[in-house]
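Below is one structure, written out as structure tokens, with a few remarks after it.
Numbering (the working numbering), first residue to last: 1 to 291.
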């Protein structure tokens, strides 16, 4: 693990979830905390200054799993977006909303349910100032309900607003909360001109347009696949099976299943609202079909 400088006071730690670092005069501000306490524990040994502040881009467990350690070890002050804040403080909400009821033990795992921890302040679009350093909070919803990015000194930590080409290959149907918002965020990013972009998964890039286009095409491919499968009436389970077969996805555990199901539902919501598909009940089975 190493810290890579991007500007005089901005850096990041390459990791399965890249961690942002912004130095102020006397402290370090982290952007996200990783999957579990091992991430901030290692990073804290590398930092030039103590991590007394943390900004969570969103509430998924791989982005806030180290929060509890930072609060306990450094009394770190934590900022998070509204809505996401409530999930970080009540982490059972994530497996609950994915499963739709009290989640079984198999879903109460660290990949879906981080250790709960207090968030000191809810943040929204605008600027927050930490020890004379201005950090721009940029709305980037779509992957999660109220995801944000953090911009400072021309660097945008853009969270899961875009995914690397490697991630798109690995996760052919990647997690989305709102297809409409995800596409709007891609359109927004395409018009920005930050000097560099740090996605949570993948390499730093100076050409966000190329990455945006790959993500947009991936979403469009899934939309088209859903519409093709729904040319004939199809149940949700059968729709998912046909999508998994098309994209060569093999289910191995319940965590995978609820994440994929939630994402397929996001596409169905998008197409239903656009009146490109319709739903009906046949013999007490919910079925979907292309309009």
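By construction, the Cβ of each residue, glycine as well, lies at the ideal position given by its N, Cα and C atoms.
Under 9 Å between C-beta atoms of residue i and residue j
{"i": "residue 125", "j": "residue 148", "result": "yes"}
{"i": "residue 134", "j": "residue 78", "result": "no"}
{"i": "residue 209", "j": "residue 190", "result": "yes"}
{"i": "residue 199", "j": "residue 162", "result": "yes"}
{"i": "residue 142", "j": "residue 197", "result": "no"}
{"i": "residue 52", "j": "residue 91", "result": "no"}
{"i": "residue 136", "j": "residue 152", "result": "yes"}
{"i": "residue 156", "j": "residue 138", "result": "yes"}
{"i": "residue 286", "j": "residue 280", "result": "yes"}
{"i": "residue 57", "j": "residue 140", "result": "yes"}
{"i": "residue 112", "j": "residue 24", "result": "no"}
{"i": "residue 116", "j": "residue 107", "result": "no"}
{"i": "residue 297", "j": "residue 262", "result": "Coverage of the chain is limited to positions 1 through 291, which leaves residue 297 absent and any answer about it impossible."}
{"i": "residue 13", "j": "residue 43", "result": "yes"}
{"i": "residue 271", "j": "residue 223", "result": "yes"}
{"i": "residue 172", "j": "residue 248", "result": "yes"}
{"i": "residue 71", "j": "residue 118", "result": "yes"}
{"i": "residue 2", "j": "residue 46", "result": "yes"}
Residues sharing a beta bridge with residue i, DSSP
{"i": "residue 197", "result": "156, 205"}
{"i": "residue 126", "result": "137"}
{"i": "residue 13", "result": "19"}
{"i": "residue 235", "result": "287"}
{"i": "residue 53", "result": "29, 77"}
{"i": "residue 151", "result": "136, 156"}
{"i": "residue 121", "result": "79"}
Residue i: first and last residue of the uninterrupted beta strand (DSSP E) it sits in
{"i": "residue 279", "result": "277-282"}
Inter-residue spacing [alpha-carbon to alpha-carbon] between residue i and residue j
{"i": "residue 195", "j": "residue 60", "result": "27 Å"}
{"i": "residue 227", "j": "residue 64", "result": "35 Å"}
{"i": "residue 18", "j": "residue 34", "result": "8 Å"}
{"i": "residue 158", "j": "residue 186", "result": "11 Å"}
{"i": "residue 130", "j": "residue 4", "result": "21 Å"}
{"i": "residue 181", "j": "residue 145", "result": "9 Å"}
{"i": "residue 246", "j": "residue 252", "result": "17 Å"}
{"i": "residue 225", "j": "residue 36", "result": "35 Å"}
{"i": "residue 49", "j": "residue 220", "result": "44 Å"}
{"i": "residue 212", "j": "residue 273", "result": "24 Å"}
{"i": "residue 123", "j": "residue 283", "result": "47 Å"}
{"i": "residue 289", "j": "residue 218", "result": "22 Å"}
{"i": "residue 67", "j": "residue 110", "result": "13 Å"}
{"i": "residue 40", "j": "residue 204", "result": "20 Å"}
{"i": "residue 320", "j": "residue 257", "result": "With the chain running from 1 to 291 in the structure shown, residue 320 is simply not present."}
{"i": "residue 154", "j": "residue 22", "result": "12 Å"}
{"i": "residue 102", "j": "residue 237", "result": "21 Å"}
Cutoff 8 Å; reference residue i; Cβ partners in own chain excluding five residues on either side
{"i": "residue 167", "result": "174, 201, 202"}
{"i": "residue 74", "result": "44, 50, 51, 52"}
{"i": "residue 206", "result": "195, 196, 197"}
{"i": "residue 233", "result": "280, 282, 287, 288, 289"}
{"i": "residue 15", "result": "1, 34, 39"}
{"i": "residue 132", "result": "24, 25"}
Span of the alpha helix (DSSP H) around residue i
{"i": "residue 273", "result": "254-273"}
{"i": "residue 30", "result": "Run containing residue 30: none in the alpha helix (DSSP H); it sits in the beta strand (DSSP E), 28-31."}
{"i": "residue 80", "result": "No alpha helix (DSSP H) holds residue 80; the beta strand (DSSP E) holding it covers 77-81."}
{"i": "residue 3", "result": "Note, residue 3: premise wrong, no alpha helix (DSSP H); not H, not E."}
{"i": "residue 47", "result": "No alpha helix (DSSP H) holds residue 47; DSSP gives it neither H nor E."}
{"i": "residue 62", "result": "61-64"}
{"i": "residue 98", "result": "93-99"}
{"i": "residue 89", "result": "84-89"}
{"i": "residue 293", "result": "Because the chain spans 1 through 291 in this model, residue 293 falls outside it and cannot be assessed."}
{"i": "residue 247", "result": "No alpha helix (DSSP H) contains residue 247, which DSSP labels as neither H nor E."}
{"i": "residue 131", "result": "It is not in any alpha helix (DSSP H) - residue 131 carries neither H nor E in the DSSP assignment."}
{"i": "residue 36", "result": "No alpha helix (DSSP H) contains residue 36, which DSSP labels as neither H nor E."}
{"i": "residue 180", "result": "179-190"}
Nonlocal neighbours in the same chain, by C-beta distance under 7 Å from residue i, ignoring five residues either side
{"i": "residue 214", "result": "165, 168"}
{"i": "residue 229", "result": "239, 242, 243"}
{"i": "residue 231", "result": "290"}
{"i": "residue 76", "result": "51, 52, 53, 54, 70"}
Cβ-based neighbour list, residue i, same chain, cut-off 6 Å, excluding 5 preceding and 5 following
{"i": "residue 128", "result": "135"}
{"i": "residue 31", "result": "20, 55, 150, 157"}
{"i": "residue 62", "result": "17, 35"}
{"i": "residue 80", "result": "56, 88, 119"}
{"i": "residue 269", "result": "none"}
Contact with chain E by residue i, beta-carbon distance below 9 Å
{"i": "residue 256", "result": "In the structure shown, chain E does not exist; there is a single protein chain."}
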